[in-house]
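S.K.: All residue numbers for the sequence shown refer to our numbering, where the first residue is 11 and numbers rise by one.
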Amino acid sequence: MRRAELVFAAGLVVAGLVFLQEALRLPTGWTPSGPGPGFFPFWLATGFTLTGLVVLARTWKASHDPTKSFAPPGAWKRVLVVFLPMVGVVAFLHTLGIYLGGGLYLAAYARFVGRHRWPLVLAVSIGVPLVLFFVFERWFVMPLPKGTVLEWWLYGRR
């Protein structure tokens, strides 16, 4: 288990440094119109890197049991139940888009994995995509992929 944690932490540090290098290609300071385009990526990359360093240091210093498994038996099944539908949403992103695909994923996860009742499932799977739509499309004026289904339904175009 220790090796897996060290590999993950090292990967997080490397990814954070790559993200940091890319973020520094953009202005990271404050501009007359607000934060520069590299401001958020810079701080996100800094957080990635620092988190990786903390995990690396804590794992390195911690005592470890070489017989302890990385994942208990049966844990991979639970991981796949979450991961495979996510892969499906990404695979059908062009058709479903972020909002419809995300809503369907949330509905399936809440109902079949979380075993929540339908009123909560519907509220979450409709409410979260609506909030994200207004935050990204209206507030940030940053359109996210709507997919061909939603484009056709909303605007009558393919």
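Glycine included, each C-beta is placed from N, C-alpha and C at the ideal position.
For the putative contact between Phe146 and Met152, defined by C-beta atoms under 8 Å, what is the C-beta separation to the nearest angstrom?
M.R.: Indeed, because the Cβ distance is near 5 Å, the residues count as touching under 8 Å.
S.K.: Taking all protein chains shown into account, do 16 or more other C-beta atoms lie within 10 angstroms of the C-beta of Tyr109, making it buried, or fewer, making it exposed?
M.R.: Buried, since its Cβ has 16 or more Cβ neighbours within 10 Å.
S.K.: Inspect the beta-carbon positions of Phe52 and Thr38 and report whether they are closer than 7 Å.
M.R.: Yes; because the gap between Cβ atoms is below 7 Å, this pair is in contact.
S.K.: I'd like the list of long-range same chain contacts for Leu63, defined as Cβ closer than 7 Å, with 5 residues on each side in sequence excluded.
M.R.: Val23.
S.K.: Alpha carbon to alpha carbon, how far is Gly113 from Tyr165?
M.R.: Looking at the two C-alpha atoms, the distance is approximately 19 Å.
S.K.: Would you mind sorting Gly21 into buried or exposed? The rule is 16 or more other CB atoms within 10 Å of its CB.
M.R.: By the 10 Å Cβ count, Gly21 comes out exposed.
S.K.: Straight-line CA distance for Lys71 to Val28?
M.R.: Distance between the alpha carbons of Lys71 and Val28 is about 26 Å.
S.K.: Within 10 angstroms of its Cβ, does Leu94 collect 16 or more other Cβ (buried), or is it exposed?
M.R.: Per the 10 Å Cβ criterion, exposed.
S.K.: Following the continuous alpha helix (DSSP H) through Pro139, name the residue where it begins and the one where it ends.
M.R.: 128-143 is the span of the alpha helix (DSSP H), which, as asked, contains Pro139.
S.K.: Can you tell me which of the three DSSP states Pro42 falls into?
M.R.: Note: Pro42 maps to coil in three-state DSSP.
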